[in-house]
Structures are given as C-alpha cells and as structure tokens.
Amino acid sequence: MQWSLEKRPHTLAGLYGNPALKTYLTACAKQKSFPESMCFQGQYGTGKTSAALIAAQMMVCNNPDENGNPCCECAACKDIINNSFHRDVVMYDGGQMKKDDIIDTISRDISLPTRYDKCKVIIMEEVQELSTKAKNAMLKILEMKKPHVHFIFTTMENLGRNGFTSRSVQFNFQQAQIKDLMMYMAQLLQAEGLWDEAKLPKEFLYDGLANIAQNSNGSYRDAVQILQKCLMAETYTKEAMALNFNILDTETYVDILYGILNGNPDEKMLNTLITNDYAASFRMSYALIASAEQFRTFGFTTGSSYTEAAAKKLSSHPNFDIILNGFKNISLANKNGYLEKSDYILEVCDMVRKCKATKPANAPVAVRRIVG
Ligand SMILES: [Zn+2]
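Residue numbering for the sequence shown follows this note's numbering, beginning at 55 and increasing consecutively.
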C-alpha cells in the first residue's frame, strides 16, 4: 500500500489546513447535529477524502471525546479506517456509478433503517464524473430528506452553483501552503521516530523538506510520495534530489529561466527542465513567471521574500515578455490537463532562439555582452 494512504489522518487534529471545516465539524459534533449533505471541493491531494472519512467517523463513532473527535477504536471507526465499509457508512466513486446503480443501490439503501450505526453516511467521490442522468437521479434522492441519512460529496471541479452545492454545505479545499506541507511531513517523520539528526541529515530535515514542499504542487499526497521516495532511496541533499529525481529548488529554476532570458541557458540545466517530470517543471517555472508578471503589474507578489526578489529579477529583464508569452502558449496547450512533451520542448527552444536574437536597446551592459 502507498504510504500516503497508510498515513491518512483519522482525527481532525491530524488534518492540516481547512480550519473553517474543522471548526464547523466540531460545532456539529457538540450540537449532535450534522448536515444532510456536505460537498468538499478542491484539487487532488488537498485532503478532501481524508476529511470526508473523518466527518463520517465523527457521525458514527460510539465513543467520541468531548470535542467530537472519533475514538478510532470502536467497531464503527475501525470499519471506516480499514476501508471495509461493511456497516452503515459506504463509499462510492462517482466515475463508476451509472443512473441505475444509483437508483438500485443508494435509493434502496437509504429507504431501510440503519443496521449498526447511529446514522447512514454515503460518501460519493468525484461527483463531477456522474453522467447527467446519474446526477439527476442523485439529486432526486437528495430531495427526499431522510433524517438518518447524511451525504458527503467530493469533487475536483468547481461545480459553481448547481443542485449539489445548493443542497449541501459546501467547503473549498485550498492548495496546501509550503509551511503546511513542511509541518505535515515533519509530523509524519516524528511519528515514525525519524525526526532526529542522528537518523536523518539535518540538511534533509530543513532544506530537504522545503525543497519537497516546493515541488508538491500544493498537494499533501504529492509531498508524502516524494518524501517516501527520498527516504527509500536515501536521497537527502538538494544535489542528490536533482540528480536522482529531477527535483529542483526554486533558486535553480530562477537560474534556468534567467539563462533562457539571456539566450544562453546552461545546456545541462535546460535538459533538466525539459526531461523526466517535465509537467512538474513547467508548473514550477510558470508559477515563478506568474509571480514575476504580478510583480511587474502590482509591484509585489504574494510569495515569500525570495520569490519576490526572484520575481523582481525576472520581470525587469528586457526579454521577459518573450518567456511570459512562451509560457502562456504552453499553458494554453496544457488546457485539457495533459501537456505533450514535444510541444513543451518546441516552445522552450523557440523562447531561447528569440531571446538569443534580441539585443534590446535598454538591456543592461552585462546582459548585452552576454547576448551579443
Ligand atoms: Zn469510534
């Protein structure tokens, strides 16, 4: 089993981010009243499924504490933690459900009384994948309010205002911040007894985790997967991460982008950008360029002071518009969620060529000497 799944939190305390949801669920537990339907919306790896499972545990646990935290020991909790779903909590994947499945399975299930637990909880993941017919069948079920039944939907798409969101209490799951990802990984290492300079190099516990967090695309799941990979391969330094897994730090990306702007990127570095996990390197580079554009327009970024310094450096380069437009083109090509490697390489080479050919009149002397 994947480490990220084994390490799923089972209590609100173990769930990072989403403070509003935690406050809300705690209030529900204290009032002993949960909503008929909740909808958790956000990109992959932001903790929607973990939150849905914890919420279900809070609803059915036989021995919750005074704040409503589930005990994780009773039969109701164990059934959820072990992913058995043999009791009154069930979980479906929206991508696998047809209209008839919904009518046959769910509608019959909720018409019956509970068998084991205090209430029935129906978790449906990726509700955006339901066909129109299946969605309508599901909405009909939602309309027949049953006091002993609770629904929890998760979706990766912003559903806007539709039948599901208007009938549900809705929560948006934000991409994880760098510091939240680092705290989360630190907590996992502590739980494993690995938060110890005698066991892991100090450099890894600080710079290494920061490097992993920067490369996790705001996803707890990605962070845990990279962390596990580094631990198993004993890859602890920035250099080793770049060499073994193509995981680069922000500074390296800034250097590569600056090389492209000057029309003379380091060939080895450029290869790193367009090989292996090129989609991840695109995301990282584009995030930096977007901060630079933001800096040029507003005079500040929402990133760290390092990102701000990098944004200032990149955006003040006379060739900045060339890479800005180049990366916007790549982003358009990436619209359906899949980026062709060949499109990416062609566009990056085109940027290098254009930057090389430009000798902007207002370029600083040092830059003109390089491009000339
Ligand atoms: Zn329990």
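Backbone N, C-alpha and C fix where the C-beta goes; we use that ideal spot for every residue, glycine too.
query                                                                                                                                                                      : result
To the nearest angstrom, how far is it from the Cα of Gln229 to the Cα of Gly101?                                                                                          : 9 Å
Can you tell me which residues form a DSSP beta bridge with Gly96?                                                                                                         : Phe227
Ligand 1 and Pro476: does the residue's C-beta get closer than 6 Å to at least one heavy atom of that ligand?                                                              : Outside the displayed range of the chain (55 to 426) lies residue 476, so it cannot be described from this structure.
Mind listing, in chain order, the residues whose beta carbon lies closer than 7 Å to a non-hydrogen atom of ligand 1?                                                      : Gln111, Cys115, Asn116, Asn117, Pro118, Pro124, Cys125, Cys126, Glu127, Cys128, Ala130, Cys131
Taking the straight line between their C-alpha atoms, what separation do you get for Met55 and Gln279?                                                                     : In this prediction, Met55 scores a pLDDT of 44, lower than 50, which makes its location untrustworthy; the coordinate-derived value is nonetheless stated afterwards. Near 12 Å, if we compare the C-alpha coordinates of Gln279 and Met55.
How many Å lie between Val421 and Asp404 at the Cα?                                                                                                                        : At Val421, the pLDDT of 47 sits below 50, so the modelled position is not reliable and the matter cannot be decided from this model.
Within the same chain, show all residues whose beta-carbon is closer than 6 Å to that of Asp320, passing over the 5 residues directly before and after it, in chain order. : Gly313
Where does Ser369 fall in DSSP's three states?                                                                                                                             : helix
Taking Ile384 and Leu368 to be in contact with their CB atoms under 8 Å, please state how far apart those CB atoms are, rounded to whole angstroms.                        : The Cβ separation is near 16 Å, so there is no contact.
Which word fits Lys199, buried or exposed, when buried means at least 16 other C-beta atoms lie within 10 angstroms of its C-beta?                                         : exposed
What residues are listed by DSSP as bridge partners for His140?                                                                                                            : None, per the DSSP bridge assignment.
Taking Glu293 as part of the beta strand (DSSP E), name the residues at either end of that continuous run.                                                                 : Where Glu293 is concerned, there is no enclosing beta strand (DSSP E), although the alpha helix (DSSP H) it sits in stretches over 292-299.
With distance defined between alpha-carbon atoms, name the residue in Gly380, Pro255, Ser339, Met92 nearest to His204.                                                     : Met92
Measure the alpha-carbon distance for Asp142 versus Tyr98 and round it to whole angstroms.                                                                                 : 26 Å
Quick check: the region 254-262 against the region 78-88, are there 3 or more CB pairs under 8 Å?                                                                          : no
Where does the unbroken beta strand (DSSP E) through Ile177 begin, and where does it stop?                                                                                 : 174-179
To which residues of the same chain is Asp155 closer than 6 Å at the C-beta, ignoring the five residues directly before and after it?                                      : none
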